[in-house]
Each structure stands twice: as C-alpha cells, then as structure tokens.
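If you read the sequences in order, they're chains A and B.
Read in order, the letters of the first sequence are residues 1 to 370 in the UniProt record's numbering.
Read in order, the letters of the second sequence are residues 1 to 370 in the UniProt record's numbering.
Glycine included, each C-beta is placed from N, C-alpha and C at the ideal position.
Report on the structure given below.
2 protein chains.
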Amino acid sequence: MPLPAPSASPERVDIQLGERSYPILIGAGLLDDPQSFAAVPAAASALVVSNTTVAPLYAKALRQALAGRFRTVHLLELPDGEVHKNLRTLNLIFDALLGHGSDRKTVLFALGGGVVGDMTGFAAASYMRGVPFVQVPTTLLAQVDSSVGGKTAINHPLGKNMIGAFYQPQLVVCDLDTLQTLPPRELSAGLAEVIKYGPIHDMAFFDWIEANVDALVAREPAALAYAVKRSCEIKALVVGQDERETGLRAILNFGHTFGHAVESGLGYGEWLHGEAVGCGMVMAAHLSQRLGGVDAAFVERLTRLIERAGLPTVGPALGADRYLELMRVDKKSEAGEIRFVVIDKPGSAAVSSAPDALVREVLAQCCRAE
Amino acid sequence: MPLPAPSASPERVDIQLGERSYPILIGAGLLDDPQSFAAVPAAASALVVSNTTVAPLYAKALRQALAGRFRTVHLLELPDGEVHKNLRTLNLIFDALLGHGSDRKTVLFALGGGVVGDMTGFAAASYMRGVPFVQVPTTLLAQVDSSVGGKTAINHPLGKNMIGAFYQPQLVVCDLDTLQTLPPRELSAGLAEVIKYGPIHDMAFFDWIEANVDALVAREPAALAYAVKRSCEIKALVVGQDERETGLRAILNFGHTFGHAVESGLGYGEWLHGEAVGCGMVMAAHLSQRLGGVDAAFVERLTRLIERAGLPTVGPALGADRYLELMRVDKKSEAGEIRFVVIDKPGSAAVSSAPDALVREVLAQCCRAE
Numbered sequence: 001m002p003l004p005a006p007s008a009s010p011e012r013v014d015i016q017l018g019e020r021s022y023p024i025l026i027g028a029g030l031l032d033d034p035q036s037f038a039a040v041p042a043a044a045s046a047l048v049v050s051n052t053t054v055a056p057l058y059a060k061a062l063r064q065a066l067a068g069r070f071r072t073v074h075l076l077e078l079p080d081g082e083v084h085k086n087l088r089t090l091n092l093i094f095d096a097l098l099g100h101g102s103d104r105k106t107v108l109f110a111l112g113g114g115v116v117g118d119m120t121g122f123a124a125a126s127y128m129r130g131v132p133f134v135q136v137p138t139t140l141l142a143q144v145d146s147s148v149g150g151k152t153a154i155n156h157p158l159g160k161n162m163i164g165a166f167y168q169p170q171l172v173v174c175d176l177d178t179l180q181t182l183p184p185r186e187l188s189a190g191l192a193e194v195i196k197y198g199p200i201h202d203m204a205f206f207d208w209i210e211a212n213v214d215a216l217v218a219r220e221p222a223a224l225a226y227a228v229k230r231s232c233e234i235k236a237l238v239v240g241q242d243e244r245e246t247g248l249r250a251i252l253n254f255g256h257t258f259g260h261a262v263e264s265g266l267g268y269g270e271w272l273h274g275e276a277v278g279c280g281m282v283m284a285a286h287l288s289q290r291l292g293g294v295d296a297a298f299v300e301r302l303t304r305l306i307e308r309a310g311l312p313t314v315g316p317a318l319g320a321d322r323y324l325e326l327m328r329v330d331k332k333s334e335a336g337e338i339r340f341v342v343i344d345k346p347g348s349a350a351v352s353s354a355p356d357a358l359v360r361e362v363l364a365q366c367c368r369a370e
Numbered sequence: 001m002p003l004p005a006p007s008a009s010p011e012r013v014d015i016q017l018g019e020r021s022y023p024i025l026i027g028a029g030l031l032d033d034p035q036s037f038a039a040v041p042a043a044a045s046a047l048v049v050s051n052t053t054v055a056p057l058y059a060k061a062l063r064q065a066l067a068g069r070f071r072t073v074h075l076l077e078l079p080d081g082e083v084h085k086n087l088r089t090l091n092l093i094f095d096a097l098l099g100h101g102s103d104r105k106t107v108l109f110a111l112g113g114g115v116v117g118d119m120t121g122f123a124a125a126s127y128m129r130g131v132p133f134v135q136v137p138t139t140l141l142a143q144v145d146s147s148v149g150g151k152t153a154i155n156h157p158l159g160k161n162m163i164g165a166f167y168q169p170q171l172v173v174c175d176l177d178t179l180q181t182l183p184p185r186e187l188s189a190g191l192a193e194v195i196k197y198g199p200i201h202d203m204a205f206f207d208w209i210e211a212n213v214d215a216l217v218a219r220e221p222a223a224l225a226y227a228v229k230r231s232c233e234i235k236a237l238v239v240g241q242d243e244r245e246t247g248l249r250a251i252l253n254f255g256h257t258f259g260h261a262v263e264s265g266l267g268y269g270e271w272l273h274g275e276a277v278g279c280g281m282v283m284a285a286h287l288s289q290r291l292g293g294v295d296a297a298f299v300e301r302l303t304r305l306i307e308r309a310g311l312p313t314v315g316p317a318l319g320a321d322r323y324l325e326l327m328r329v330d331k332k333s334e335a336g337e338i339r340f341v342v343i344d345k346p347g348s349a350a351v352s353s354a355p356d357a358l359v360r361e362v363l364a365q366c367c368r369a370e
C-alpha cells in the first residue's frame, strides 16, 4: 500500500503533565497519514470507536492509516448524540473490546466529537483498569476543548458528566479538514468554546475572534487553524497547572454551570452542548456584572459575539426554581452551594458563590418568559 | 452520645505510595470507635455501601461511629454476592449518590467483603471523576487482600474484573471482630489469600501458617491478628513497589489465572473467589513443578495446607479447551498468550508463559474427569 503524499508539517501544542505529557497535532490531511500516529505504542490490535454519522466519512481512512501499526483494527459505531452518552452505550465499547479478545496493550481511537471522545476515554480508563487511547476529534468543539486535558465521562439521568475519570490520551490528532463536513449548528457550538478562552484568559484572542468571526463561520482554513491552535495553547496552559481541577482548571467551565442546567433541563440533545454554553456564558457574564467584575459594555460585547457565532443568547423558560435545582448538582457545588465561574476582570476568571436572589435576577433577565 | 470505651491500640501497616499513601488499621472493636476514622476528611455527607448480609450486622455501629464527622451518613444495601458485581449494581451506587445530592467531598465507606469493596472503590473512582473512600472490610479475604492496594473493578459477562480503576482508599479499617460472624466457607476462602503470600514471598510465614492453620480455622483472635497483619505487610511491600501492576505486582495473582477460569466457567458465585484461588494455586503449583521451579514435595505440602484450610484442591470438569479459552481473556494475557504466575523457587514467584500442552497436562491431573 503506497503511503499518502506527506501533508504539510502539522502544528504541535504540548500538554505538559510529567510522565502523562502528550502532543496535540493540528493540521490538514492528518487523519489519513500514518505519520500522524508514529508515536502511538504498537500493539496487536486497535479499536476505532466512532458513531454512525462520522464513521462513514472517516473511519476507512483512519483504519488504513493505522494498518501498518496494528495486526487488526476493529471499528465500533455507536449511536450518535449526547442522549446516548450513558452507561448502556459505554458498555457497548466493553462488549466490543472483550468480543475481540482485546488485551492490556490494545489502543482505543476516539473518532468523532465530544460524546465519542468522552465515552471512549472513559472506556480506555476503565478497560482492564487502563489501556492507551488516542483522540481524533472531528468537531470544532472536540478539537478546541473536550479532546484535550483528559476529562472523560458519561452522563447520569440526574446530572451531566457525573461518572468518569481523569485519564490522559497518548496523542490528540486534530485534522482541520474534518471541520468542512460539520453541520453549521455544530460549527457554531464549537465556536462557543473558542470564544470562552477570551474572557477567562486572553482578551487579545477575544479581539482576534471578534475580527475573524465571519471567517470562522465561513470555515476559512487559516482562521480555523489559528483558532484551534490558540485554544489548545490556553487549555494546555491551564491543564498543565491543574490536571485534576483542584483550583484553576475550573475557569474552563465558564458558562457551563448555567449551560449544564439548560442541557439537563431541556433533555440531553435538545440543545447542543456548545449552544447551551454560549447561552450560559451570557448568563454568567450578567452575573459577573452584578458581582462587579465587568461592566455592561463587556456583557453586551460578549453577547453580540456569541450571537454572531450563530449561538442562542436567551435561555429557555425552565423557571428559576428548576434552574437552581439543576445547578445544585453541578460538580463544582459543595454542600448544596452552587459555585459559578465569573469574570473578575476581562481576561481573568474565578470561582465564586452568589446569593440565590442575584442568580434569580440574572435568570429573569436572560431567559424567555415562562 | 457517649463514646464507646477506647479499644486497645490497633496495629498499623502503611501503604507507601507518595501522596496516595494510607494506613491499614488492624484490631478488635475498631468499627464502632470514632477514633478509627479520625484521619478521614470531614465533609457534609458520607455514604456507607454494604450488602443485605453485612449491613444488618454492622451498619448501625459504623454510622454511629461516623456521626460526629458528617452531617448525614446514608446507607445503601446492595444485593449480596459476586454475581451482582456488575454494571447494573454499580449504577445503584451512582443513583444513591446523586439521589442524596452528594458532592465532590462526599466520602464513601465500603462495609463488607471483596465485592462491596471492589464496587464501592470503582464508584468512588468514577463519581465526579473521584471522591474519597474508606475500606471497612468484614471478610478475611477482603482484610488480607482485596481492600488493600487500590484495585477496584466489576465483572463483565466475558471476564472477571475487566472494568475498573487503580484507585487508592484514604484508609483501611480491619476490625477483627467481624471475622467471628463469617460463614465457615468464607473464612476458608480468605485463608486461600493468606496462604498465597507464603509461596510467592515468605516461606517463614508459610511455616507459621502450617503450624497455625487449625487455630486460624478455629478463629483464635491472636492467630487471625497475626495472619492479617503479616499478609497486609507483604501486600504493602509489593504494592509500594508496583502500584499499577507493570511488573512485580502480578505475583499477587498466584493461583488467580486458573482460579478466574473456574469462577467464570462455573458462573460467578458458584464457587467463592477464594475457593477458586485455593484450587487454582494447586494447579499453578503443578505447573511450576513441570517448569522446574519446585519439587513434588512442595506441591504436596501446599496442596495439603490448602486442604486443611477447608478449600477445594481439585478443579471442576470444564474441559481443557474451555479452561484455555477462559484463561486467554485474563488481564495478564497479551496477544492471546496466557501468562501464569509460577513459583520459580519456594518463596519467589514470576510471570511466565507455558506451552498449551503442558497446561493441558496440569488440567488433566488437577481437574475432575469430564
């Protein structure tokens, strides 16, 4: 089998975690290039986990790229969607691994978006108490956020991402070409996590996103390449300092406390995760303003950018009581007290509690009337 | 509430794993003494996970001992038995945790034998990606083996302990009084794991067990105390050198490759884990003899001790093909090659492959005729 023509040398961002360090490769044409996977430990077998939407597009190319390193490369197609990110679907991965006689050296490849990555990562963490895995994210959201940093999880009917592990991949391969086949809603959902990095860490990047949001929505390759790279750099910086979220890392959840309540309250899959985060960032910005961290102009500027990215900026009418109830089961909560990520000044975030009354004002302001 | 009278100062064995180090306390009257749990991090809530057999005996005392450290101490009773060590039962723990609004500081207590400890430990590893947990083992097997060292897992229909995590507890509390209520079969099952430590590491301890096996079967407190302490010391030594079983730690699985095949082949719960390990050690000793590590007198001596401990020494008639098939999914197997723990000289063990023909001879010699 002839090798494909070598792609242009990919960009590389390193996650520095001592013996758990690994590279993120970012570029075009990576997925079908065996060179992208040169650092993956060789083994008798590999299992590519994907879903019924992504597998028909990319599984064949990936399996061919891996054929030189593994005697067998199996494929498992999971049902697509956040609604399937549960224990039952997770068990399909274990069934496949055991059905194929996989051993402790078998390498798992997560080919898809955040749901596939989260489930495959947790399966890799748990199968025989840990086997190697590689993230091959095919959505913008997964490339800039969920595939990087080792958070893996499934949902429980009573809360999102409640069951999981911190478990780092061996490698993340972000093939930018895959973003060209992404449905528009999913591209926008990914932009929510890109935008997030501005308010919490880097207002110069925020300026750049504002200037380039139309190019991003139009999927101009150079714009996407920079957005993915800069997002991964910021995530690497944060994760490198606080792998297990004992402090700093929580800032990456800006917009997520409100967002998870939206996702959970509407039922998983109704809104995409990134859509809920977009809208959640608007709410979190209003809360930040009420707590004195930012001014009205900043809130307006962030809201406008989220809107331009094609994301909702008004929350669904779940009712304040339901929002509060849902947010109390957020993982950041302690002893029933909800802890929000707020902007304490533009480009800097912190975790803070807030009086229920203030949160109710924000919800009244930011959600559709019941 | 008056404190119970202080117990005699417990013995203490330390597991040395850097920041994951923790003590094992061994003694009488520990379970209902708040002092035993003085080192456990305080939190709003705790969840005691037990089973329908053990909870009626000890849950009330443990909850009272914990009442000073936690605002609420909930209890979850799981169905009893290895047959329930699966994903469905595990999910009952997550249901309880979320139903009680447990947060990231909630402490889990595993009150019971190996099954309760394995499932509670894996639930603690996975709930919100990790909450603290404490082992309170009430069987001899759990006190000398499964509660110590951080191996947690559940079974899959296609293999034992296939899904799990390495996740260390904060503390192990071995209350020797609980061994007095153990059914005789379970006491014998625990002795299998005690006996194991002799051939793999310490023939002086083996001599001691031979001299004291009747006292152990009669549950003489001083004999049980020494057996638990010395077993924990040896396990601590091995685990301290190889937490994640990249090498040395595998020797603790002496008898387990054959034993897992027996358990899995008969259906979980038919034989107790310790019974299968007892019989598995006889098979592994025969294999060691054929590989030149020990002589016939050693095999005879080990077989006789296992028998005196009340354990089976002859394997069920599963057929050699089925044994081999079941052993190929053992976690130590690689690329389909079964790897056995064998005694290379009395008091020393190693991992080794073996020709199928040799294994078939051993099975023919050690199992009931079909």
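What does the alpha-carbon distance come out to for the pair residue 120 of chain B and residue 211 of chain A? 51 Å
On the premise that residue 69 of chain B lies in contact with residue 94 of chain B, defined as a C-beta separation below 8 Å, what is that separation, rounded to the nearest angstrom? 23 Å between Cβ atoms; not a contact.
Have a look at B:72, B:71, B:92 and flag the residue whose alpha-carbon is nearest the alpha-carbon of residue 78 of chain B. For the residues B:72, B:71, B:92, the minimum Cα distance to residue 78 of chain B belongs to B:92.
Assign residue 143 of chain B to one of two classes, buried (16 or more other C-beta atoms within 10 Å of its C-beta) or exposed (fewer than that). Label assigned to residue 143 of chain B: buried.
What does residue 94 of chain B touch in chain A if you count any residue whose Cβ is under 9 Å from its own? 87, 156, 158, 162, 163
Applying a beta-carbon distance threshold of less than 9 Å, which residues of chain B neighbour residue 98 of chain A? Result: 156, 157, 158, 159, 162, 329.
For a contact meaning CB atoms closer than 7 Å, what does residue 263 of chain A contact in chain B? Result: empty, since nearest Cβ-Cβ is about 16 Å, beyond 7 Å.
Contact set for residue 230 of chain B: own chain, Cβ-Cβ below 8 Å, skip 5 residues either direction: 197, 202, 205, 208
Just the C-alpha distance for residue 157 of chain A and residue 48 of chain B, rounded to the nearest angstrom, thanks. 22 Å
Please list the partners that residue 126 of chain A has in chain B, where partner means a Cβ-to-Cβ separation under 7 Å. Annotation: Cβ neighbours of residue 126 of chain A in chain B (cutoff 7 Å, chain order): 163, 164, 165.
Distance check for residue 15 of chain A and residue 347 of chain B, CA to CA, integer angstroms please. 44 Å
Determine the chain A residues that contact residue 103 of chain B at a beta-carbon separation under 7 Å, and present them in chain order. 333, 334, 335
Express the C-alpha separation of residue 342 of chain B and residue 2 of chain B in angstroms, rounding to a whole number. Unreliable placement is indicated for residue 2 of chain B, whose pLDDT of 45 sits below 50; no coordinate value is reported for it.
Inter-residue Cα distance where the pair is residue 359 of chain A and residue 90 of chain B: Approximately 35 Å, taken between the alpha carbons.
Quick one: does residue 44 of chain B have its CB under 8 Å from some CB of chain A? Any Cβ of chain A closer than 8 Å to the Cβ of residue 44 of chain B would place that residue at the interface, and such an atom is present.
Assign residue 253 of chain A to one of three DSSP states: helix, strand, or coil. helix
Closest by CA to residue 181 of chain B, which one among B:232, B:58, B:104? Of all alpha-carbon atoms in B:232, B:58, B:104, the one lying nearest the alpha-carbon of residue 181 of chain B is that of B:58.
Nearest to residue 148 of chain A by alpha carbon, out of A:131, A:132, A:173? A:173
Return the bridge partner residues of residue 108 of chain A from the DSSP annotation. Beta-bridge pairing links residue 108 of chain A to A:47, A:133.
How would you call residue 52 of chain A, buried or exposed, if buried means at least 16 neighbouring beta carbons within 10 angstroms? exposed
Go ahead and label residue 221 of chain B buried or exposed: buried means 16 or more other beta carbons lie within 10 angstroms of its beta carbon, across all protein chains shown. exposed
For residue 161 of chain B, which three-state DSSP category applies? Shown here, residue 161 of chain B sits in a strand according to DSSP, grouped into three states.
Mapping DSSP to helix, strand and coil, what is residue 32 of chain A? coil
Tell me which same chain residues have a C-beta within less than 6 Å of the C-beta of residue 138 of chain B, skipping the five on either side of it? 54, 112, 178
Between B:83, B:304, B:276, which lies nearest to residue 189 of chain B when the distance is taken from Cα to Cα? The shortest Cα separation from residue 189 of chain B among B:83, B:304, B:276 belongs to B:276.
Any C-beta of chain A sitting closer than 8 Å to the C-beta of residue 250 of chain B? No, residue 250 of chain B lies away from the interface with chain A (no Cβ there is under 8 Å from its Cβ).
Given a threshold of 16 other Cβ atoms within 10 Å of its Cβ, counted over all protein chains shown, does residue 9 of chain B qualify as buried or as exposed? exposed
Report yes or no: is there a C-beta of chain A within less than 8 Å of the C-beta of residue 20 of chain B? With 8 Å as the cut-off, residue 20 of chain B does not count as an interface residue toward chain A.
Nearest to residue 169 of chain A by CA position, among A:21, A:318, A:13, A:87, is which residue? A:21
Between which two residues does the alpha helix (DSSP H) harbouring residue 195 of chain B extend? Per DSSP, residue 195 of chain B belongs to the alpha helix (DSSP H) from 184 to 201.
Where do the N-terminal and C-terminal ends of the beta strand (DSSP E) with residue 298 of chain A fall, by residue? Segment 296 to 308 is the alpha helix (DSSP H) holding residue 298 of chain A; no beta strand (DSSP E) there.
Pick out whichever of A:131, A:117, A:128 has its Cα sitting closest to the Cα of residue 151 of chain A. A:117
Our contact map puts residue 40 of chain A next to residue 134 of chain A with C-beta atoms below 8 Å; I'd like the distance itself, whole angstroms only. 6 Å
Apply the 10 Å Cβ neighbour rule to residue 241 of chain B and answer buried if 16 or more other Cβ atoms are within range, or exposed otherwise. Using a 10 angstroms sphere on the CB of residue 241 of chain B, the tally of other CB atoms stays under 16, which defines it as exposed.
Note down the Cα distance separating residue 332 of chain B from residue 338 of chain B, rounded to an integer number of angstroms. 7 Å
Output the distance between the C-alpha atoms of residue 101 of chain A and residue 336 of chain B, rounded to the nearest integer angstrom. 8 Å
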